[in-house]
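The block underneath contains the structure these notes are about, expressed in structure tokens.
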Amino acid sequence: MNILISLGNEIINSFIGQQKKGDISRMFLEYFKKKNYFDEWIKISYINSYISEKNNIILIQPTTSIFDMNGISLNNILNYINYNNVKKKNVCIIIPDIYRPIGKYKIKTYVKIHEKLGSDFYNILHANIINHLKDYNYINLCLGIYNNIQNKDIPTNKSIQNYFKENINEHENKIIYKSFQLANEHLYKHIFNTNIITTNYIHEKQKYPAMEPRKYFKKDTSKRRYILDVYKHMHK
1 MNILISLGNE IINSFIGQQK KGDISRMFLE YFKKKNYFDE WIKISYINSY
51 ISEKNNIILI QPTTSIFDMN GISLNNILNY INYNNVKKKN VCIIIPDIYR
101 PIGKYKIKTY VKIHEKLGSD FYNILHANII NHLKDYNYIN LCLGIYNNIQ
151 NKDIPTNKSI QNYFKENINE HENKIIYKSF QLANEHLYKH IFNTNIITTN
201 YIHEKQKYPA MEPRKYFKKD TSKRRYILDV YKHMHK
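Structure follows, in structure tokens:
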């Protein structure tokens with residue numbers, strides 16, 4: 001059983017108007033549903049979510065904002081669905097990633113918590129989810145929404161909320177849908193149709209690789225040069 005859950009802006013109604021940056025995960029599930037001919041959305045008020053199902057894949061769109069979601073909320077949704085008799089249960093959480101540029105995505109089978117960022121929004125979210133989804137294989141699909149990767153300021157919870165409400169322009173929309181095509185193929189080829197191994201474990205890192213200065217080491221070639229010189233003299 002594979003379950004895809006999109007987290008992002010609050011869903012006020014089912015009508016999709018002007019798309020916002022924080023709607024990208026919802027946009028992907030809409031694309032995924034149409035591309036793979038899923039049933040129409042059914043609203044389940046008890047868990048405040050829209051659900052669509054086909055074969056062994058379930059799509060879930062919680063109406064609650066990502067800023068109000070946590071591991072307990074997601075666990076309640078999964079308990080309502082009640083697939084306890086299914087041995088293989090992969091849960092793919094789809095999130096808008098402010099650290100990744102627009103048009104880029106990444107599927108993760110483990111989560112890295114970066115100590116450098118401290119109480120970062122994503123650190124708290126991932127740690128909370130993993131601690132409550134122990135009966136599932138946790139997969140993470142990160143969809144980039146950042147269009148100014150030169151800015152190195154660490155975003156605050158408030159600035160992320162504001163950024164999630166920014167409109168997606170026409171040019172960004174075209175780039176995003178190209179990444180949707182690739183992500184859709186990636187999910188089917190490498191996730192749904194294979195026996196993936198997830199760690200469900202938080203890997204701690206001190207800082208992002210991009211923040212670390214590169215170290216260049218000059219390799220000592222004196223010994224190699226000496227051997228070559230001897231070889232030349234032997235064959236004169």
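All residue numbers for the sequence shown refer to our numbering, where the first residue is 1 and numbers rise by one.
We treat Cβ as the ideally placed atom computed from N, Cα and C, and that holds for glycine.
Minimum C-alpha distance to residue i - residue among the options
i	options	result
residue 178	109, 102, 188 and 122	102
residue 75	28, 94 and 47	47
residue 25	109, 158, 37 and 92	92
residue 108	95, 77, 140 and 78	140
residue 100	187, 147, 189 and 182	147
residue 166	136, 21, 106 and 110	21
residue 30	59, 54, 172 and 10	59
residue 106	169, 143, 163 and 170	143
residue 1	78, 174 and 72	78
residue 61	171, 172 and 9	9
residue 96	73, 67 and 110	67
residue 65	136, 104, 145 and 164	164
residue 104	90, 38 and 180	180
residue 168	189, 145 and 188	145
residue 23	173, 37 and 90	173
Three-state secondary structure (DSSP) of residue i
i	result
residue 49	strand
residue 34	helix
residue 79	helix
residue 144	strand
residue 158	helix
residue 73	helix
residue 135	coil
residue 129	helix
residue 105	strand
residue 6	strand
residue 110	coil
residue 61	strand
residue 39	coil
Short CB-CB distance (under 7 angstroms) between residue i and chain D
i	result
residue 38	Any reference to chain D falls outside this structure, which holds one protein chain only.
Inter-residue Cα distance where the pair is residue i and residue j
i	j	result
residue 19	residue 81	29 angstroms
residue 35	residue 120	34 angstroms
residue 185	residue 12	30 angstroms
residue 56	residue 33	13 angstroms
residue 49	residue 158	25 angstroms
residue 175	residue 98	16 angstroms
residue 156	residue 138	26 angstroms
residue 70	residue 162	20 angstroms
residue 240	residue 94	There is simply no residue 240 to check, as the chain begins at 1 and stops at 236 in what is shown.
residue 171	residue 73	35 angstroms
residue 53	residue 160	31 angstroms
residue 63	residue 28	15 angstroms
residue 89	residue 110	15 angstroms
residue 6	residue 122	15 angstroms
residue 38	residue 51	10 angstroms
residue 188	residue 136	19 angstroms
Inspect the CB distances between the region 34-51 and the region 120-133 and report whether three or more fall short of 8 angstroms.
Contact between the region 34-51 and the region 120-133 is not established, with fewer than three Cβ pairs separated by less than 8 angstroms.
How about the region 174-193 and the region 121-130: do they share at least three Cβ pairs that are nearer than 8 angstroms?
Segment contact: the region 174-193 against the region 121-130, fewer than three CB-CB distances shorter than 8 angstroms; contact not assigned.
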